[in-house]
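The number in our numbering is simply the position in the sequence shown, starting from 1, with 276 added. Okay, so here's the structure we're looking at.
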Amino acid sequence: MNYTYAAGQIPAELEPLLRELARDYPLAPAGAESVGATLVFQSGAPAGGVEVHRAAGTSTLRYDQPARAGRGVGIVLGGWMKDGQTHREQCPFETFGIMLDCSRNAVVRPEHFELWLRRLALLGYDTAMLYTEETYEIPGEDYFGYLRGRFTAAELKDINDYARSLGIEMIGCIQTLGHLEQ
277 MNYTYAAGQI PAELEPLLRE LARDYPLAPA GAESVGATLV FQSGAPAGGV
327 EVHRAAGTST LRYDQPARAG RGVGIVLGGW MKDGQTHREQ CPFETFGIML
377 DCSRNAVVRP EHFELWLRRL ALLGYDTAML YTEETYEIPG EDYFGYLRGR
427 FTAAELKDIN DYARSLGIEM IGCIQTLGHL EQ
């Protein structure tokens, strides 16, 4: 099933989220040729909460922050709700996140990392930690992480900006104490 939303009637904070999710999922702004169920977004859910109500081809999503709106979209895309049903979720944590290990020759290409961030947005994650050891560049240190793959400063900034557009806070994690001898 395809889903549409009224681009001019959604909070501005959700526009980048919905635009990016539409790259992989059947979402589109409502237009002359668009056909499908309608998504309506409303802020005001309790802290940490999302509520989805489906009725007559329209799903109304109440959320407290963009990450929970993304979770609401994930619920709708799951396709398991019937007309007349309401689904409520309450995240019991202040932050809901994941730490991704991008060390030990596992440096993810930025475009693939963006795909992961879109998936995390559908699950309601609001935090993503990027664990690196020496898999990032340091100006003037050409051999730091030599032959192991690394993120450039521009790539890390782009990943951070992209995550923010999805309602996800990026946190860089560098373990130094456990690796001092190296």
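From the three backbone atoms N, C-alpha and C, an ideal C-beta is built for every residue, glycine too.
Checklist entry - How would you label residue 294, buried or exposed, when you count the other beta carbons within 10 angstroms and need 16 or more for buried? => result buried
Next on the checklist: Taking DSSP's pairing of strands, which residues face residue 365 in a bridge?
Outcome noted: 326
Checklist entry - Do the CB positions of residue 401 and residue 444 come within less than 8 Å of each other? => result yes
Checklist entry - Under 8 Å, do residue 360 and residue 331 count as touching if we go by C-beta distance? => result A contact, by the Cβ cut-off of 8 Å.
Next on the checklist: Helix, strand or coil, according to DSSP, for residue 372 in the structure here?
Outcome noted: Three-state result, residue 372: coil.
Checklist entry - For the region 375-393 against the region 340-356, are there 3 or more C-beta pairs whose distance is under 8 Å? => result no
Checklist entry - If you drop the 5 nearest sequence neighbours on each side, which residues of the same chain put their C-beta closer than 8 Å to that of residue 507? => result Limits of the chain in this structure are 277 at one end and 458 at the other, which puts residue 507 out of reach.
Next on the checklist: So, at 6 Å on beta carbons, what are the nonlocal neighbours of residue 329 in its own chain, with the 5 sequence-adjacent residues on each side left out?
Outcome noted: 336, 362
Checklist entry - What separation, rounded to the nearest whole angstrom, lies between the Cα atoms of residue 412 and residue 435? => result 13 Å
Checklist entry - Straight-line CA distance for residue 321 to residue 416? => result 49 Å
Checklist entry - Which value, in whole angstroms, describes the spacing of the CA atoms of residue 318 and residue 327? => result 10 Å
Item to check | From 324, 315, 340, residue whose alpha carbon lies closest to that of residue 333 | outcome: 315
Next on the checklist: Taking DSSP's pairing of strands, which residues face residue 300 in a bridge?
Outcome noted: Note: residue 300 sits in no beta bridge, so no partner.
Item to check | Reference residue 414, options 399, 403, 404, 430, closest by Cα | outcome: 430
Next on the checklist: If the criterion is Cβ atoms closer than 8 Å, does the pair residue 404 and residue 391 meet it?
Outcome noted: no
Checklist entry - Can you tell me the Cα-Cα spacing of residue 278 and residue 301, whole angstroms? => result Approximately 9 Å, taken between the alpha carbons.
Checklist entry - What three-state label does DSSP hand residue 437 in the structure shown? => result It is helical.
Checklist entry - If you draw a straight line from the alpha carbon of residue 433 to that of residue 425, how long is it in whole angstroms? => result 17 Å
Item to check | Reference residue 297; option with closest CA among 386, 368, 285, 280 | outcome: 280
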